[in-house]
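J.: Let me give you the structure first, and then I'll get to my questions.
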Amino acid sequence: MPTQAPPKLSIVIPARNEQDSLTPTVEAIERTPLPPHEIVIVDDHSTDSTWQVASALAGRFPAVRPVRNPGPGSFARAILAGFAEARGEALVPMMADLCDDPRSLAAMWDGIAAGADVACGSRYMHGGRKVGGPPVKSLLSRALGHLVRWLTGVPTWDATNAFKMYRRGWEPRQVPRAGGFAISLEWVLAAWFAGASVIEVPTTWLDRTAGSSHFRTWAAVGNYGRVLLAAAWRVLAGRGRGGPFDGRGPLP
436 MPTQAPPKLS IVIPARNEQD SLTPTVEAIE RTPLPPHEIV IVDDHSTDST WQVASALAGR
496 FPAVRPVRNP GPGSFARAIL AGFAEARGEA LVPMMADLCD DPRSLAAMWD GIAAGADVAC
556 GSRYMHGGRK VGGPPVKSLL SRALGHLVRW LTGVPTWDAT NAFKMYRRGW EPRQVPRAGG
616 FAISLEWVLA AWFAGASVIE VPTTWLDRTA GSSHFRTWAA VGNYGRVLLA AAWRVLAGRG
676 RGGPFDGRGP LP
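In my numbering, the protein residues as written are 436 to 687.
Laid out in structure tokens, this is it:
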């Protein structure tokens, strides 16, 4: 029996208590024209029926592989657990609540296939949109995106968005120093400072319609601030690109 070729694309979905969101998300992905792909659903210590829903989806869709986060529960560790299981040439985390638009995946893949190391889904470039969500959160992410681009030169207006596709070899492999959702900013800056080629493609972000958000705006301010200060410290120290990036910089 011939060995099945590995997928081109691995879509990693971290899921904690997302029993109501997983099915429409996977169905939307599977309706989207994509290169050969797999969908790795990472159950992040859920207390609802997330694992059972993921297992049922694996029975419906051959591309789906449910796995468990073997380490402590966290958004970052769940993504890293999925990346460790992934077999694709490119890897992308995607939210379980369908806020990320699966129609953007093909353009992101095209960018990777054309030579980019990281393709960022961008809500704030021409053609991108952010629909719904708390106004304070939108203002924070937009302002941070502009500030990070001005400060570091990373060529995306939406550095805080977790919806980024990584060429294999450039994917995050270690738990970042940043906490919460600020890991997305730390990871792209780590790739950029290490020499990765980064592009952005427009995407539409939609506020969730099922389940509850795990994002806490004011807790995120401190986490994003630490990463931003670390990046500023690096730039002011004249280190520029080349070498690892610690998202806490000189802070204890």
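Heads up, the beta-carbon is just placed ideally off N, CA and C, and yes, glycines get one too.
Is the stretch 565-581 touching the stretch 476-494 in the sense that three or more CB pairs, one from each, lie closer than 8 Å?
T.: no
J.: State the Cα-Cα distance for the pair C534 and P459, rounded to the nearest angstrom.
T.: Looking up residue 534 in the sequence shown gives position 99. Looking up residue 459 in the sequence shown gives position 24. Distance between the alpha carbons of C534 and P459: 11 Å.
J.: For the stretch 576-585 against the stretch 502-519, are there 3 or more C-beta pairs whose distance is under 8 Å?
T.: no
J.: Per DSSP, T639 forms a beta bridge with which residues?
T.: Here residue 639 refers to the residue found at position 204 of the sequence shown. Partner residues in the beta bridge of T639, as assigned by DSSP, are R564.
J.: List the endpoints of the continuous alpha helix (DSSP H) containing D681.
T.: Position 246 of the sequence shown, counted from the first residue, corresponds to residue 681. That residue, D681, is in no alpha helix (DSSP H); it is neither H nor E in DSSP.
J.: Once DSSP output is grouped into helix, strand and coil, what is the label at K443?
T.: As a first step, residue 443 is located in the sequence shown; it is residue number 8 there, counting from the start. Note: K443 maps to coil in three-state DSSP.
J.: Among the candidates A665, L444, R661, whose CA atom is the shortest distance from the CA of G546?
T.: As a working note, residue 546 is residue 111 in the sequence shown. Closest by alpha carbon: L444.
J.: Who are the Cβ neighbours of E381 in its own chain at under 6 Å, not counting the five residues just before and after it?
T.: Outside the shown range of the chain, which is 436 to 687, sits residue 381, and nothing can be said about it.
J.: Return the first residue and the last residue of the alpha helix (DSSP H) that P570 is part of.
T.: In the sequence shown, residue 570 corresponds to position 135, counting from 1. Start and end: 570-587.
J.: Work out the CA separation of Y659 and T587 for me, nearest whole Å.
T.: As a working mapping, residue 587 is identified with position 152 in the sequence shown. As a working mapping, residue 659 is identified with position 224 in the sequence shown. Each residue's Cα considered, the two are about 15 Å apart.
J.: State the Cα-Cα distance for the pair S490 and T638, rounded to the nearest angstrom.
T.: Taking the first residue of the sequence shown as position 1, residue 490 is located at position 55. Taking the first residue of the sequence shown as position 1, residue 638 is located at position 203. So the two alpha carbons sit approximately 29 Å from each other.
J.: Grab me the residues of R602's own chain with a C-beta within less than 6 Å of its C-beta, minus the 5 sequence neighbours each way, in chain order.
T.: Within the sequence shown, the letter at position 167 stands for residue 602. Taken in chain order, the residues that qualify are A525, I547, D552.
J.: Could you tell me the distance, in whole angstroms, from the CA atom of W640 to the CA atom of G517?
T.: Along the sequence shown, read from residue 1 onward, the residue named residue 640 stands at position 205. Along the sequence shown, read from residue 1 onward, the residue named residue 517 stands at position 82. Looking at the two C-alpha atoms, the distance is approximately 22 Å.
J.: Got a sec? Which residues, its chain only, sit under 7 Å from V610 by beta carbon, not counting five neighbours each side?
T.: On the sequence shown, residue 610 is found 175 positions in, with the first residue counted as 1. Same-chain partners within the cutoff: A511, R512, L515.
J.: DSSP three-state label for M543, please.
T.: Working through the sequence shown from its first residue, we reach residue 543 at position 108. Here DSSP, grouped into helix, strand and coil, assigns M543 to helix.
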